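Residue numbers (this note's numbering): 1069 to 1399.
Backbone N, C-alpha and C define an ideal beta-carbon position, used for all residues, glycine too.
Since we're looking at a predicted model, the values are computed, not measured.
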């Protein structure tokens, strides 16, 4: 078998030959032209995050180090530097301002524990009760979500009218219908104000817990409950041994979100009691900071309280996430 050999003049040097470039190939110009697209899509979100959260937060931290009062509100640059004086005044519990902050902090802690605990309990009970299909379940789900879907201000204003002493629906039911009280109490002043704000907060918070837990229970197989029932497990034992472990990831996030929302709650006391008439029994920390800033016109002191609140929430959140993550790793 013979082979033909080309002359040297007709041979092609393959070592210096470039491979043809296919239009639209991954390594072509098209890829270089579109590498900016992901950054362009993310840029609006980053810009709004800077404008809405980062820049105001940094501005508040800066204000906490100056004596920004009503005398310097027109020219912030002229406000004298205060250093840590605003912080020392806020945590000096022997003085009037520090005592007010401490009392407000304790009231807020009690308020948060009650609202988060009872809202979670009601949400869990409703989610478990509506887990199995039955006639009318969709109607109950819709009714339970009405407080969450209702505009917040409209709902709180309605409660404000219901808590009126003479014409409110609450006293009418307790005194005239159920005869549980001899005389209608004042619900929006005095010590009863704490009960009022807790009730309203639970009313608007527990549907969110119900919604999240109901969604989490959808992932629990019904076969597990059937097997546990065959083994003789009672409903409470099924809830403790099956439901709680299966919805633990949902509970971890749900409790943290409700804690942050409740501890920072400002709308509920502001709408319920007004802008300047908040009772001491319901002196929540967020509203206390508002009064320190916009009622006494001491923005430096109010900003220092806000920064302290931010530090406290960051510490509690970090500890909570560390504990829950450690438990999940052990499990």
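- Per DSSP, the continuous alpha helix (DSSP H) segment holding residue 1209 begins and ends at 1205-1212.
- Rounded to whole angstroms, the gap between the alpha carbons of residue 1279 and residue 1165 is 40 Å.
- A straight line joining the alpha-carbon of residue 1386 with that of residue 1373 spans about 20 Å.
- Taking 8 Å as the cut-off, the Cβ atoms of residue 1330 and residue 1273 count as close.
- Look at the beta carbons and you see the stretch 1276-1293 touching the stretch 1311-1319: at least three pairs across the two are nearer than 8 Å.
- With respect to the C-alpha of residue 1322, the residue from 1376, 1167 and 1388 having the closest C-alpha is 1388.
- Going by beta carbons, residue 1352 and residue 1337 fall inside the 8 Å limit.
- Distance from residue 1129 to residue 1368 at the Cβ level is roughly 11 Å; contact not present, criterion being Cβ atoms closer than 8 Å.
- Residue 1366 is bridged by DSSP to 1137.
- Excluding residues up to 5 positions away in sequence, 1332, 1333 and 1334 lie with their Cβ nearer than 7 Å to the Cβ of residue 1354 in the same chain.
- Around the CB of residue 1229, fewer than 16 other CB atoms lie within 10 Å, so the residue is classed as exposed.
- For the 8 Å CB-CB criterion, residue 1281 and residue 1318 form a contact.
- Leaving aside the five residues that flank residue 1170 on each side, the residues in its chain whose CB is nearer than 8 Å to its CB run, in chain order, 1161.
- With respect to the 8 Å criterion, residue 1236 and residue 1243 are not classified as neighbours on the basis of their beta carbons.
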